[in-house]
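These notes are about the structure you will find just below.
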Amino acid sequence: MTHVPIDFTIVHGIPEAMRLPAAALYEDAFGPKFAVAIPCAEHRHALLSESLNLDYAFAAIKDDGLIGLAGYKTHEGSLTDGMTYSSLIKHAGVIRGNWAALVFSLYERSLTNGQLLMDGIVVDPSMRGQGVGTQLLHELMQFAGISGFESVRLDVVETNPNARRMYERNGFAVTRIERFGYLRWLLGFGASATLERATAVKVS
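Per UniProt numbering, the sequence shown starts with residue 1, numbered consecutively.
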């Protein structure tokens, strides 16, 4: 299948006017993972719409519409740092909110000095295969280097081999495999790979 090149712009920081589309994109990509904590899609979307910290992301924009985003985490903040205990209780209730807090704690990743942590690349399904994800990755890597980070780190679950291959094609290398088969019944996957890349490596 041949894809016709498209024109789009990458900006640092998702415009506030695109908060709802950003939440919808994030829900589309990560909703199944979040559903373990919050089964109701409406509650998840409301939580994301309110909680996303739009400053910690790059946005791909075409014709005034959001077609992709790449979130990240530093010691100062992250795309999802607004997803607090109080917000979980607000949108999911006391019992489900406490359950969600427990589940989300399993996804929590610590930061290492000199390292930027990626929080996922999401591309609108109708725009995939057009280089949007690669360009978002390029901009994020460039930002990391300019900002003084020595490397970028991310995690990919075993059920997403395509994402892992994409990152490996672009200079990322696996540094760790974590296995937790005892949680497969809960999370839907039993292992994840940690990949890292020095900021000096060029995106292709």
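Backbone N, C-alpha and C define an ideal beta-carbon position, used for all residues, glycine too.
Ile14: buried (16+ other C-beta within 10 angstroms of its C-beta) or exposed?
buried
Which of the three DSSP states is assigned to Met18 in this structure?
helix
My assumption, with CB atoms under 8 Å, is that Asp119 sits in contact with Tyr85. Please give the rounded CB distance.
Going by Cβ atoms, the distance from Asp119 to Tyr85 rounds to 19 Å, so no, they are not a contact pair.
For Ala144, which residues of its own chain have a beta-carbon under 6 Å away from its beta-carbon, when the five flanking residues on both sides are left out?
Leu116, Val152, Thr199
Compare the beta carbon distance of Leu195 and Leu136 with 7 Å and say whether it is the shorter of the two.
No. Outside cutoff.
Using only CA atoms, which one of Gly148, Arg164, Ala35 lies nearest to Asn113?
Measuring C-alpha to C-alpha distances from Asn113 to each of Gly148, Arg164, Ala35 identifies Gly148 as the nearest.
Against chain C, with Cβ distances strictly below 7 Å, would Phe34 count as a contact?
The structure shown contains no chain C; it holds only a single protein chain.
Any idea what DSSP makes of Val4, helix, strand or coil?
Unreliable positioning characterises Val4 in this predicted model, as indicated by a pLDDT of 47, which lies under 50. The coordinate reading is nonetheless provided below. It is coil, neither helix nor strand.
Count Cβ pairs between the region 98-110 and the region 60-70 that sit closer than 8 Å; are there 3 or more?
These segments do not touch.
Once you ignore the five residues that flank Ala46 on each side, which residues in its own chain have a CB closer than 7 Å to its CB?
His91
What is the rounded straight-line gap between the Cα of Cys40 and the Cα of Phe34?
Taking C-alpha positions only, Cys40 is separated from Phe34 by approximately 10 Å.
Count the other CB atoms, across all protein chains shown, that sit within 10 Å of the CB of Arg165; report buried if there are 16 or more and exposed otherwise.
exposed
Name the one or two DSSP bridge partners that Gln115 has.
Ser151
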